[in-house]
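Notes follow once the structure below has been shown.
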Amino acid sequence: MGSEATPETIRKTITDHYFPDENQVVRDLISSLQMDEAARDRASKNAAKLIEDLRANTSPTIMESFLGEYGLSTQEGIALMCLAEALLRVPDAQTIDALIADKITPSAWGEHLGQSSSTLINASTWALLLTGKVLAPDDRGLVGTIRGVVKRMGEPVVRTAVAQAMKELGRQFVLGRTIREAMRNARVEEGNGFTYSYDMLGEAARTDADAKRYHLSYSKAISALSSNCNHASIRQNPGISVKLSALHPRYEFAKRERVMKELVPRTLSLIMLAKSSNMGFNIDAEEADRLDLSLDVIEALLADPSTEGWDGFGVVVQAFGPRAIHVIDWLYATAEKYDRKIMIRLVKGAYWDSEIKRAQTLGIDGYPVFTRKVSTDISYTACAEKLLGMTDRIYPQFATHNAHSVASVLELAKNLPLDSYEFQRLHGMGEALHERAMKKHATNCRIYAPVGAHKDLLAYLVRRLLENGANSSFVHQIRDTNVSPTAIAQDPLAHLGKFGEDIANSKIALPPALYGSGRKNAKGWDLSDPRQEADYVADLEKYSATKWQGHPVIAASVKNGEAKPVKNPADLRDVVGDVASATPEQIEAALTTAHQGCAEWSDKSPEDRAVILRKAADLYEENSAEIFALLTREAGKTYMDAIGELREAVDFARYYANEAIRLEERDGKAEARGPITCISPWNFPLAIFSGQIFAALAAGNPVLAKPAPQTPLIATFAAHLMHKAGIPVEALQLLPGGGDVGAALTSDPRVAGVCFTGSTATAQHINRAMAKSLAPSAPLIAETGGLNAMIVDSTALPEQAVRDVIVSSFQSAGQRCSALRMLFVQEDIFEDLKEMLFGAMDELELGNPAILSTDVGPVIDAAAQAKISAHCEKWAAKGRVLKQMKAPQKGHFVGPTLIHLEGIEELEEEIFGPVLHIATFKADEIDKTIDAINAQGYGLTFGLHTRVDSRVQHIVERVKVGNLYVNRNQIGAIVGSQPFGGEGLSGTGPKAGGPHYVSRFRLADTSSAESVKLDKSVSAEDISKAHGALRTGTWTENFGRFTELATLFVNETGLLNRLAVEHAHDMPGPTGESNRLYGAPRGTVLCLGPDAESLQHQAVLALAAGNGVIAIGEDAEKLALKLRPLSAPIVAIEGQLNAGELTDLQGIDAVAANHTEHDLKLMKAELADRNGALMQLITERNQPERYQLERHLCIDTTAAGGNASLLAAVED
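If you're matching positions, the sequence shown starts at 258 in the working numbering and goes up one per residue.
In structure tokens, the structure reads:
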């Protein structure tokens, strides 16, 4: 640190190192080290001797034994972790039994839909739980005996035994359930010369009540500990460690003003208690995105006059962050500025895996942590060296269980007084290591001791298992005699040398490269970075008074109509611009141009079109400032939503560009369909507007784009950027306006297809208009709404569930198709979860979305506001509104509302706003609840919070929705990772951002056959009887059906193989998340031929997709006979079906036909007249995916406490 450095200049350096070049940072750390090679060599040799001594003369603790036997690379270790995390908080016996059975009973659910979030606990682990002994691998007899005992004991005894085992496991890490108990238990080690720092266990505060409870807990602990503060030197007295996130429910960068106003005095009151007892007070380090805010809080506390003359203020610094060494400089400079002496606890760092996942999810340029353990070790040494040179103002506290780190500190501090620093270890770990260091070197050592009830200790326990169970951890390696002491104690600089120039870990792709070399990830923003936050705010300010113009953009020169103002939904005084809707003359001119085609575009190769689409994506990012301003002022988007929307639009452009290339490589060249009408909604006025257009353009089609009437300005700006990228105006024409414009663009026979996102009722209206006027092969790709539900059972962590419920229900003011509308909570936890939900709602800030601290913005317009408010008033009159927040008067606001219902049956329609409905279910009513959800006919998103993996699989197989989310929120699907779209009343498919979307915009093989005249006329009653006779049995689960059908129908092999390959596959995405796309049968497909060849083709593909088939037409019975050896679910009817019968058919989920255009048009008209979900008429012969529904399962695999696979896999 230069002599001219001030706290202010160092803060800038800290900010500059938030997401730095990791290679350069590590090189700088190495350059800064004064510790020469000889000193490092001595440290390594001393560490190796220490390891040899520990192995020869000490016994491991119970926890160290467990970690040595069952690390994160073992199924048993992960299963135990998951069981430990959840068991003790579950209140009801039935769910406890389900959880235990899930972890100890073999199950094969992962074979179908991907990896389980935990794996099976085997008999040797069960023995460990019950007996506390680690069984030898060959102890087969005892293993079998224990399994038998478990069966004979019965569920209540097993339940008690496992609960006791979990508590015993926890006791190895937690000093006491209360502060008094912990103080009593501390006496033994205090007698051995150790001192203690106490930490009160618990999750971060979600509500103000949580924060007050934690504050009281800390206050009581400090008061109790005061009786043990008998030494004049604060360094010899016990201390307390405090998490700022426990003291404030919104300890976030975006809430800085509120945090400084509320958290600083709250923390200061605790400091005064500690000061009065001459006790140390440490502020724990937390997530990287809170670091900058924590420094503001720390400075405010140090600057307060009441802390003068007290040397007990402490701060934890995490060495795994590139900012760590600069934070130490800042702390020293700040202590100097205010004339304070402080303590700094240096740790390696916690929640490393979470930092990796967050950075990947946000798409930011780098990581706020090092990606190699050895780099963290180098940082730790460099930070230790710096701290030991600052002992005039800083009392260093070195927290480590690593012998090399201990030896390095001893080497660096050999000329310093022994009382100028101390070591620290966790209770239950590192005992022998630090006892030896104390005896040999007379060092001081403090034990960091968690205190709390059993239910609170488990999250902490899981974190310790994760951090110390990886094969590369010192705690794991010291007991592994296959690893030599010399290898364990190797100098980190020498270790790093083996990687050459690749200091950053190549196994962990940087967020921009998350999807590999083929597709660049959308640029991300992290507004906890002060630089990015300042830029974002400045950008909004720059465009705060701009007036934009919205108008038709067509190839012909036709005069615009009258312009009307567009107002900011958050502030009706703010006129954002004006828009001229498309006139009938402009619509006709655009249709004429589109019908003539745009050879300049359609003749380009997919590769050439891709270059232009990627250029459009780049222009979106380059113009992000203006886009953010438009999204905020015209659509009422908060900063988080605006950033997410821009990133989604960019991802669509790049993903669909690649898809068009992939499809041509797979299927060969395909003609464009022709003019595609794209009708987009106001709730995603950039992302969905752009996504529809990019997909249609990628396939070579000209596009007629009609944005929502509420958001024409962002659409006009986006179209301008697309044209600037090189898309001809003839290929993309923009036609703003209302329903009259949409009607004209969906009923003109020159239109070759329609892509629509909006209400179910409008989709049905469009479908009927298309059936009357458009060619029967013209697709309608519709994504509509849903009555989206979430189930929370009693194994869920309430804090996680409430976090995800709040986001799913109220982010974007509830104006997402995917938003949560109906929450089902197991009655055993309902009251507690409801109170937490109330508290979390109270923490939401409603208001101007241009302000960073705003959580919930406005609804889109007065009509939406009136409809949502009327719904809330209806239920308020019935006494069912549990809570409603006050809404700002200026603008179109509705306060987030919670309404109690008996069940989803009472919810007659989707309420598109910040309204959540809640109901309870009994532990044995999950199936009943799922059936009620399915009965509503919608099928868009569904959320589940549980720790029971077999329950996940059971529900996945039962619930009928397009996108399922487990242990996370249910909004924010990522293009190419979580393809999005529903079924039933929620849409037609294919999923946007998925592998089948672009293919729907390519001209398919719909070759027709003349109807064969058959004597018998088939009636709706005949089909109803056939449906009753259909037996699907286990056909859907028979994954050998693809091969069996290919053997029987050789000419269909190519398409059958494609179906088999694409049936289920993992999608790329951030670490710590499982994303799996898979096909599900539509149900019963009515195959109508008309000739024998067409009928066979349809039936074989329908069966391959897992459906039941009713086959009507020439040689239908002959086909069924051929399929009989396979026990395929097919019922044959010889005869002909009159199209008029299709309107009232029951039990049919899709119709396949290759008739003449005249016959197909009649069929399409009849199907369009049906009520309910849009019935698919499958005419494509070369798109076997049309016979399936697409479903996506997303699981947060870190919900139980951390990312075991990442921690275990990334070894140095």
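The beta carbon of each residue, even a glycine, is placed where N, CA and C say it ideally should be.
Of all alpha-carbon atoms in G1071, I436, E922 and A1127, the one lying nearest the alpha-carbon of L1103 is that of G1071. In the three-state DSSP reduction, R580 falls in the coil class, being neither helix nor strand. For the set S301, K1140, E1100 and I900, the Cα lying nearest the Cα of P742 is the one of S301. Bridge pairing for F1296: absent [DSSP].
In this chain, the alpha helix (DSSP H) harbouring E857 covers A856 to S859.
The beta carbon of S533 sits closer than 8 Å to those of S483, all from its chain and outside the five residues before and after it, given in chain order.
DSSP lists V1082 as the beta-bridge partner residues of T1177. When the five nearest sequence neighbours on each side are left out, the beta carbons in the same chain lying within less than 6 Å of the beta carbon of Q681 are those of Q654, A656, R703 and Y705, in order along the chain. Cα atoms of S490 and L603: separation of roughly 21 Å, rounded to the nearest angstrom.
At least 8 Å separates the beta-carbon of K1029 from that of A1396. Residue ranges of uninterrupted beta strand (DSSP E) with 3 or more members, entirely inside the stretch 639 to 671 and ordered along the chain, are 651 to 656. Check the Cα spacing between G1297 and each of A1133, T895, E1092 and G1363: the tightest is with G1363.
V1138 places its beta carbon 8 Å or farther from that of L1090.
When the alpha-carbon of C1451 is set against those of T1019, E446 and F1237, the nearest one is in F1237. Residue environment: E1442 is assigned as buried (16 or more neighbouring CB atoms within 10 Å of its CB, all protein chains considered). With distances taken between CA atoms, A953 lies nearest to Y913 out of K963, Y913 and E987. Inter-segment contact for the stretch 998 to 1008 and the stretch 969 to 977 is absent: fewer than three beta-carbon pairs are separated by less than 8 Å.
Relative to the Cα of A1035, the nearest Cα in the group P1115, W1132, N880 and T1263 belongs to T1263. Of all C-beta pairs linking the stretch 814 to 821 to the stretch 835 to 844, three or more are shorter than 8 Å, placing the two stretches in contact. Residue pairing for R703: DSSP places it in a beta bridge opposite T452 and Q681.
Short of 7 Å from the beta carbon of R1288, and not among the five residues preceding or following it, lie these beta carbons of its own chain, in chain order: P1386. Taken in chain order, the unbroken stretches of alpha helix (DSSP H) that lie wholly in the stretch 806 to 874 and span 4 residues or more are 841 to 853 and 856 to 859. For Q1433, no alpha helix (DSSP H) segment is defined; the enclosing uninterrupted segment is the beta strand (DSSP E) at Q1433 to I1435. CA-to-CA, the gap between L1054 and A343 works out to about 7 Å.
I1125 and H1202 have their C-alpha atoms spaced approximately 28 Å apart.
DSSP, reduced to helix, strand and coil, places E688 within a helical segment of the structure shown. The beta carbons of G1114 and K894 sit closer together than 8 Å. It is roughly 10 Å from the alpha-carbon of A639 to the alpha-carbon of L645. Taken through DSSP and simplified to helix, strand or coil, R602 comes out as strand.
No Cβ-Cβ contact shorter than 8 Å links D1061 with G1246. Beta-bridge annotation (DSSP): T591 is not paired with any residue. At the C-beta level, S1075 and Q1227 come within 8 Å of one another.
Short of 8 Å from the beta carbon of N915, and not among the five residues preceding or following it, lie these beta carbons of its own chain, in chain order: G775, R776 and A867. Separation of the CB atoms of I1048 and T1186 is rounded to 6 Å, and the pair is thereby assigned contact status at 8 Å. Taking all protein chains shown into account, E679 has 16 or more neighbouring C-beta atoms within 10 Å of its C-beta and is therefore buried.
In this chain, the alpha helix (DSSP H) harbouring K614 covers W609 to L619.
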